[in-house]
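For what it's worth, the numbering used here labels the leading residue of the sequence shown as 55, then goes sequentially. Everything below concerns the one structure shown next.
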Amino acid sequence: MLAFAHALGAEPPRLRFHLPSGDAADTLAEFGRQSGEQVVYLVDNVRGHRTREVVGQFTAWAALNQMLAGTHLIVHRDGVDGPISVSRRAEIPPPLPRAASPPRAVSSRTDLSDVVVLPEFTVSSQTADRYRAADAISAVRVRASLLDAPSSISVLTRDVLDDLAPIRIFDVTRYVAGVQEGRGIQFQDRMILRGFESNGQRSVDNFLQPADADNIDEVVIDRIEITKGPNAILSPSGSPGGSINVLTKSPLYDRQRSLTATLGLFDAQKLSVDVTDTFGAGSPFAYRIIGSLQDSRRYWSADARLRGRVFAPMFAYRISDRTQLTVKLIGAEHWIFREPLLILDPAVSAQTRQPYLAPGLSTRSRNGIQPWSHVGTHTADLFALLTSNLTDILSLRVAANGRYYFEDSVQEFLATPSLTERYNPMTGELTQDTVWTLDPATNTYVPTHSPFFDPASVPVRGDKQATRRKTVNLQTDLVGKFQLGPVSSQTVAGLALSRQTNYGRGVSGVLPGVDLSQPQRRVVPAWSSDWLFYYVTSFTNWQAYVNQRVGLLQDRLQLTGGLLHYDTKTRSLNRVSSAPPGVLDDEKDMWMASALLKLRPNLSLYYSHSTNSTPVIANDVPLWRDGVQDEVGFKSEFFNQRLSFTAAYFEIAQTNVTVPNPDRQTNPAAPEQLVSDLGNHGYEFEIVGGLTPNLSAIASFSQLKMRDALGRHVRAVADHNAALLLNYRFRAGRLDGLSLNVGVSYNGRRAGDSPINYTPLNVVGQTSFFVPSYYVTSFGASYRWRDFLFRLNVDNFFDDQGYLQQAGGRVSGTGITTAPGINVKASTTWNF
């Protein structure tokens, strides 16, 4: 029987444990979460050792003692309050006779030849705290300590997702410094990272998924890593503000089975199942099956629906103690009601403190938009990952991803007049109900009253589109770690290929105008036989990179340099127009350099400089989006890595930034993209982890100054943002098993639209309105009883509703959204 010394003057507290039997690689992580102890181990070193089930109230020592009984593992504690380390015995002595004396310390000396190194391309399953991971792989696809990463990386653990019960990724990323609400929040996982819109771009298991309209379902997510600033290696075609890397769940070599049912007022009604196990005792094969079904009303109306289903079978083969193959198939379908009809009142201007809707429009209604108006997506992702420790100093990763994406959306859009002719030529201010025309007799601009819409017949149109994308990604990476006397070295080199073919086509449909006095009237479009748009695009991108890190002064000084060569052939053909295809057949070299100084083992200072280039074709014109970022910051860890504090200052300059043109929503002839050069600088602060063994927190504050080339606020981007999430878990006494969490996030004042650049009189166009600052609140509680977990989540518990929460223009289709009311969701999870 194994034991460790716990030299305390008082009797340690008795805690409630529910530890299933299983592979030590998984159960040790669960022991750390339930006990609040920091447990340090190499996953591959303890993997394969089966631990015993522990259920009941015990001291942490007694629980671990029972769990590890009969295994070939030894434990050691560094000091009275230090972390617990678990390793494998070099030799296994005969069983010791039972003794009534107190447990004694067991030596932690092991034969180094017996240690199996954790693959460099996988993160550790242990966490320093429920809310804090100590490592990440989103910098250069190699596992690295967050304290040693010369950039800002935030990690959201599965525990955070479970506490918040998110509908979309932003429901959890809102607590991360530098992340803001995006426009058009119903779909595409839209967010703003350091002032730049993601436009739906994200990475999944290190593979970029550009601009697809689906939201990834939380049921398949294991954790989320957010890398701030451009990342040439992880996502060279991603947002310059940062990268969202979603790491999906994988098969476990331990039986875990759960069934969860969720009910709520809206955006709820969901059933999900998650089953994982080996194919038999001692089997090198493991599987996982994840599935979910959802059909729920949206906030605005019972017939505005949110539907989805997911099926994800996964397979793992442990070829040896150094090599593993994992294959995942994630299939999903989603049907999301687009949005209600919303138009701002003509009197709303930049001086209006609380923008409001035009008469006849409600914040709790579809306002005449048909219930069939939706975004529909069908996706299938196949992932294959082979990782291997070739030698003690060389590790290999080979990964492939095939993605099929099909969108069959049928939507109803406003067809109101363009606002371009409604700016006062002398002042640059928007006058929504006034058109300005040039009087040739006086050579002056004359205003004419022209209502933007008629409440009895608001002009709308149907829009039916089909988009199909087929994408193949291949990646291979080799990492070598060397010790050259007093100098440590890590070299990471890799190749990547990404190939995509795509078409997007659509037709328009004639609809009668919406009568706001009869918002429930049902109609269907008369569809045109001519294409409204028809694009055929493709790209083939090659990447080759090398990243070199050198450690000096016992790794207290770390110097890193990286070089990436990017070769692209990007093609876009507009089949509706007679324009020749846009082709970008070119290559670019990008580089980064950084220095990190560890003033103390738990305190790092760093500086990094990086460049980035992304091929784009905007409005049929091939372009490179080029940029540069400088960042300086410091990081610290406390309480044996349980709590971290980071601060960073950054500057970003980017050319040819493209965002959807809001005018195109009402005028299909308008350019599809707005192209501009943007600059941004700001600073961020973030605290993540355990303030005490029972209390976990995420706190963040961001300030930036994002302006366009004419010095105007960029739409939807706030200068100030802050957030706080607290979770407290009761570990003993009558409330043992109860967990409470409360969250609040703050978004500052933002520009509501993108005005024209200049009027005919060369006057700069002015922002027509601003979205006021607002708070979003949440409360949650959970209670574990035997094999059941009960959760309650209350979003917007103050029921502060109806105000303008986000906007990209003055009308629907541009991302304008009003705040929903309180939402109460309850779920029950059965672990069987």
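Ideal placement from N, C-alpha and C gives every residue a C-beta, glycine not left out. Every value quoted in this text rests on a predicted model; they were computed, and no experiment measured them.
- Its Cα nearest to that of I246, the residue V233 stands out among G254, V233, V258 and R256.
- Counted as a single uninterrupted DSSP element, the alpha helix (DSSP H) harbouring S89 occupies residues A78 to S89.
- Under the DSSP assignment, D639 falls outside any alpha helix (DSSP H), being part of the beta strand (DSSP E) whose first and last residues are G636 to R654.
- Between the alpha carbons of N748 and E91 lies a gap of roughly 11 Å.
- A contact between stretches requires three or more CB pairs, one per stretch, nearer than 8 Å, and the segment 369-380 fails this requirement with the segment 389-397.
- Within the segment 226-274, the complete beta strand (DSSP E) segments of 3 residues or longer fall at 233-235, 245-247, 256-258 and 261-263, listed in chain order.
- Of the candidates V878, P814, I870 and L843, the residue whose Cα lies closest to the Cα of S832 is V878.
- DSSP places W115 within a helical segment (H, G or I) once states are collapsed to three.
- Counting every other CB atom within 10 Å of its CB across the protein chains shown gives R654 a total below 16, marking it as exposed.
- Pairwise C-beta distances place the segment 743-762 out of contact with the segment 713-729, as fewer than three of them are shorter than 8 Å.
- Judged by beta-carbon spacing, G482 lies beyond the 8 Å limit of V825, meaning their Cβ atoms are not closer than that value.
- Inclusion of Q348 and K324 in the CB contact set at 8 Å is warranted, their separation being smaller than that value.
- The Cβ neighbour count for A366, taken over all protein chains shown within 10 Å, is at least 16; the residue is labelled buried.
- Secondary structure of E705 (DSSP, three-state): strand.
- If you draw a straight line from the Cα of A401 to the Cα of D321, it comes to about 33 Å.
- In this structure, the beta-carbon distance from S793 to A751 does not fall below 8 Å.
- Taking C-beta atoms as the reference points, T474 and D762 fail to come closer than 8 Å.
- Counting C-beta atoms within 10 angstroms of its own C-beta, M480 has fewer than 16 neighbours from the protein chains shown and is therefore classed as exposed.
- Comparing alpha carbon positions, the residue from S632, G616, L651 and D584 closest to L607 is L651.
- Listed in chain order, the non-local C-beta contacts of R359 below 6 Å within the same chain comprise F391, local neighbours out to five positions each way being set aside.
- Nearest to A770 by alpha-carbon distance, out of R195, E251 and H126, is E251.
- A Cβ-Cβ contact shorter than 8 Å links R451 with T530.
- Rounded to the nearest whole angstrom, the C-alpha separation of F851 and I447 is 53 Å.
- When DSSP states are grouped into helix, strand and coil, R476 belongs to the helix group.
- Taking a cut-off of 8 Å for Cβ pairs, the segment 684-699 and the segment 609-625 do not touch, as fewer than three such pairs fall below it.
- Within the segment 406-468, no alpha helix (DSSP H) run of at least 4 residues lies entirely inside it.
- Note that the C-beta distance between N801 and Y828 is below 8 Å.
- The segment 119-129 makes contact with the segment 92-108: 3 or more CB pairs, one atom from each, lie closer than 8 Å.
- Note that the C-beta distance between N628 and N527 is not below 8 Å.
- Closest in C-alpha terms to S416, from the list G558, S89, S463 and S355, comes S355.
- As DSSP reads the structure, A520 sits in a beta bridge with D462 and R559.
- For Y829, the pairing in a beta bridge is given by DSSP as Y800.
- Cβ neighbours of A340 within its own chain (closer than 6 Å, five residues either side excluded): P305, Y307, T332 and A370.
- Nearest C-alpha to A83 among D213, L201, I191 and L780: D213.
- Under a 10 Å Cβ-count criterion, H503 is classified as exposed, with fewer than 16 other Cβ atoms of the shown protein chains found around its own Cβ.
- Take L549, set aside five residues on each side of it, and the residues of its chain with a beta-carbon closer than 6 Å to its own are T530 and A598, in chain order.
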